[in-house]
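Just so we're aligned: 3 in my numbering is position 19 of the sequence shown, and the numbers increase by one with no gaps anywhere.
Below: one structure, written as structure tokens.
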Amino acid sequence: MDGLNEYRTARVAETLSDFRTLQYYIAAAPVDPPNTDDYYTEGWAALRQCTIDGQHILNCAADVTVPRASGGEAEQQKAELRQILLDAYSRRHEAQKIYLRQAAAQRWIEYREQVLQGQRPSNAHRRQLRACDDQLRSELVQITDEAIYQELRSSDQNMGRWTAEDPSLRAVQRWVRARPQTT
């Protein structure tokens, strides 16, 4: 027994709380444009995909397979807490990625509205609207697993959270790959 199960339990609770907050924001984002002609534009399509991805990460089953630990009840609890942390940490990671994609799409909507100023798209707006689309694509490309992992890790450390046993990026990516989307 290493005496760290209290820290592990607190870490799981913090991570799940972060995930819950991110899910709230993901669920609150708009998915349908005010004008139905805009339904298939890049930003609105990205927002709808974020909603689908957010629902998927919420609904995918937890991995309850925990290796049998030798050394008694405390060691078994340690193994279970580590498995739960991997699940919660990976969900939070994916939720952060979705949240950042949503934020980029919502900025795209704002930029697009500034360009159109209440008008419908026309040839006069083509260049500026293309720039909006290019900006969205550029922002989405920058939302990588590596960047998110480092951002969350830094944030946790800045908040003074216990991160000694946080899963590696590779473990998070394996967890995500093991839960493919079916839609």
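Heads up, the beta-carbon is just placed ideally off N, CA and C, and yes, glycines get one too.
Being a predicted model, the structure only gives us computed values, none of them experimental.
- For D71, the CB contacts under 8 Å within the same chain, skipping 5 residues up- and downstream, are A46, D47 and W159 in chain order.
- Across the structure, N19 and N43 are spaced so that their CA atoms are roughly 31 Å apart.
- In this structure, E78 keeps its C-beta atom at 9 Å or more from the C-beta atom of D22.
- Note that the C-beta distance between A89 and L69 is not below 9 Å.
- Where Q7 is concerned, the enclosing alpha helix (DSSP H) starts and stops at N(-11) to A12.
- Taking all protein chains in view, the Cβ of Q7 is crowded by 16 or more other Cβ atoms within 10 Å, so the residue is classified as buried.
- In the structure shown, D(-14) adopts coil according to DSSP, grouped into three states.
- Counting the other CB atoms within 10 Å of its CB gives S139 a total below 16, which places it among the exposed residues.
- If you draw a straight line from the Cα of R154 to the Cα of R104, it is about 46 Å long.
- Nearest C-alpha to A30 among I127, Q86, E130 and S122: Q86.
- Check the Cα spacing between R96 and each of K81, L84, N107 and Q112: the tightest is with Q112.
- Residue nearest to E(-2) within the set S152, T147 and P17 is T147 (criterion: CA-CA distance).
- Around the Cβ of P151, a 10 Å sphere holds 16 or more other Cβ atoms; the residue is buried.
- S122 and C116 have their C-alpha atoms spaced approximately 10 Å apart.
- Taking H40 as the centre and dropping the five residues before and after it, the same chain places the C-beta of Q165 closer than 6 Å to its C-beta, in chain order.
- Buried is the label assigned to R76, since at least 16 other Cβ atoms lie within 10 Å of its Cβ.
- Straight across, the Cα-Cα distance linking L65 with R163 is about 20 Å.
- For Q157, the closest of E94, Y133 and R4 by C-alpha to C-alpha distance is Y133.
- For E130, same chain residues with a beta-carbon under 7 Å away, outside a window of 5 residues either side, are L153 in chain order.
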